[in-house]
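Heads up, the thing below is written out as structure tokens.
In my numbering, the protein residues as written are 657 to 885.
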């Protein structure tokens with residue numbers, strides 16, 4: 657379970673400056689780092705930590721993580737095609753393949769391409785970095801709370817395509833959803849849902865849009881138009 661994994665992480669960090677922590681499907685994990693900072697991993701995530709002397713560093717190999725960094729020497733994080741440095745603050749990193757999206761909630765952050773080259777971007781609280789590392793886009797968001805709601809077991813959507821919503825549920829929930837007809841993916845969805853409630857979400861879509869929801873495996877649910885045979 658995630659709780660068991662978290663206990664193991666604490667033991668490893670007590671005796672060594674390096675550790676790897678990971679989560680499985682539907683698991684959420686919060687762990688203390690050697691300097692008293694904290695990290696919360698979303699499901700299906702992997703983080704490698706390397707501390708030693710004045711070094712504070714980590715690499716996010718998969719998934720999504722939320723960092724609460726104590727003030728001190730810069731904490732350096734490599735995630736996909738980006739490297740971020742934070743001397744203290746709270747930020748979230750989400751990986752999609754090699755592409756990293758970084759949201760700063762509090763403090764200050766320097767973000768650069770992992771390959772080097774261009775000068776680092778100075779990111780302020782409420783800003784988000786996305787897009788390719790060589791041509792980053794910096795935007796301001798007023799919905800940091802919604803974007804980080806997974807830490808409290810919720811997924812929040814604001815006029816998002818059903819295809820993207822299904823992909824999010826399939827990451828966070830043990831139950832899996834299948835859109836049997838790709839054209840259904842364009843339906844727009846707004847609302848707040850339990851992140852481990854994929855089945856309940858599918859049933860809500862059945863009621864709201866007249867879709868047909870059928871169980872096709874032990875924990876897999878197929879969504880089709882009601883007229884489909």
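Every residue gets a Cβ at the ideal spot worked out from N, C-alpha and C, and that includes glycine.
Source: prediction; values computed, not measured.
- Judged by their CB atoms, residue 793 and residue 787 are nearer to each other than the 9 Å cut-off.
- Look at the beta carbons and you see the region 763-779 not touching the region 802-819: under three pairs across the two are nearer than 8 Å.
- For residue 753, there is no enclosing alpha helix (DSSP H), as DSSP marks it with neither H nor E.
- DSSP places residue 717 within a strand segment (E or B) once states are collapsed to three.
- Non-local beta-carbon contacts of residue 876 in its own chain, meaning distances under 8 Å to residues more than five positions away in sequence, involve 831, 832, 833, 834 in chain order.
- The three-state reading of DSSP puts residue 851 in coil, since its state is none of H, G, I, E or B.
- Nearest C-alpha to residue 846 among 873, 869, 813, 681: 813.
- Boundaries around residue 827 are those of the alpha helix (DSSP H), 818-828, since no beta strand (DSSP E) includes it.
- Beta-carbon to beta-carbon, residue 700 and residue 680 are separated by about 7 Å, close enough to satisfy the 8 Å threshold.
- The C-beta distance from residue 691 to residue 726 rounds to 6 Å, short enough to meet the 8 Å contact threshold.
- DSSP lists 796 as the bridge partner or partners of residue 783.
- Counting along the chain, residue 685 sits inside the beta strand (DSSP E) bounded by residues 685-688.
- In this structure, DSSP gives residue 864 a helical state, which the three-state scheme calls helix.
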